[in-house]
Amino acid sequence: MLISKAACICRIILTMSSLLSLPLFAQKQITEIRVIDSEKESVIESATLQWRALGSSLYMDGTTTDRKGIARVNADVGRKLVLSVSYVGYQTATDTITSDGKRYTIKLNPDAMALENVVVFGKTKARIIRESPEAVSVINAKELQGRSVSLETILNKTIGLKVGQTGGLGSSSRIIVHGLEGNRIQILWDGIPMNTSDGAFSLDEIPIDIIERIEVYKSIIPARFGCDGLGGAVNIVTKEFSTDYFDPTYKESRYCFGFIL
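Going left to right, the sequence shown walks through residues -26 to -1, 1 to 235 as mature numbering (1 follows the signal peptide of the UniProt record, and there is no 0) numbers them.
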């Protein structure tokens, strides 16, 4: 009987101990934290959360928000926690919550960082050509825009270049570069040779308004043009226009005819 009573008492004590220990392992609570943008009210995915006990400087654990901007904090029920929430491009937010199973919302403010002024220097196509090893002169579109002069007049102002006509108005242009002329001088339209075998081509046929720049080569022509000019070349580069571009121009000329009887 004594052994039986002692065994019963032991069983009762063990049972009570087990029941008392159960709450020690069940005092955890999951609390949801929703992170959103303070201005747009949109959720922030992959924001970083860290938490620590109130009064402690050591963080206990951390996690990140899901696609819905929600993170789950698993901590002791009723415990005061200090949350630290951060994300790239936003100011870090700190808040105090209670582990009570509720949902809390943390709003992050965009971090407007003032950047120093950045100045980018680049070379224009005309400048790159001027700095090339070939002897070349470049006339920009700005020098041509709004001028009522002919293309021949503009080219005649280039050192080492002389332009004339073989006849009257509308006749072929005669281009002389350092004393060389005819088929020794090539006239190119966007890199494509335009003059005939004898070097004839009329510059009057080219409207000034469509020209982007004029490249005057006064020595051997660059190999990329693939033509046979030995004394030089004039490459007329045109502007790039949209398909619906329309800019009409007109030219007026007067002629005087005389007869000898």
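Ideal placement from N, C-alpha and C gives every residue a C-beta, glycine not left out.
Listed in chain order, the non-local C-beta contacts of Q65 below 7 Å within the same chain comprise L82, N83, D85, local neighbours out to five positions each way being set aside.
Around A27, the same chain offers M34, R53, K54, L55, V56 as residues with beta carbons nearer than 8 Å, after the five sequence neighbours per side are excluded. If you keep only unbroken beta strand (DSSP E) runs of at least 3 residues inside the stretch 9 to 88, you get 22 to 27, 33 to 38, 44 to 50, 54 to 60, 67 to 72, 77 to 82.
Distance from the CA atom of K116 to the CA atom of T38, rounded to whole angstroms, is 58 Å. With contacts defined as CB atoms closer than 8 Å, V211 and V190 fail to qualify as a contacting pair. Taking C-alpha positions only, A45 is separated from E186 by approximately 59 Å.
Rounded to whole angstroms, I18 and Y78 show a C-alpha spacing of 14 Å.
In the structure shown, the three-state DSSP call for E189 is strand. A distance below 8 Å between beta-carbons, with the five flanking residues on each side excluded, links L32 to the following residues of its chain, in chain order: R26. Scanning its chain for C-beta atoms nearer than 8 Å, with the 5 sequence neighbours on each side dropped, one finds around D50 the residues Q1, K2, Q3, S73, in chain order.
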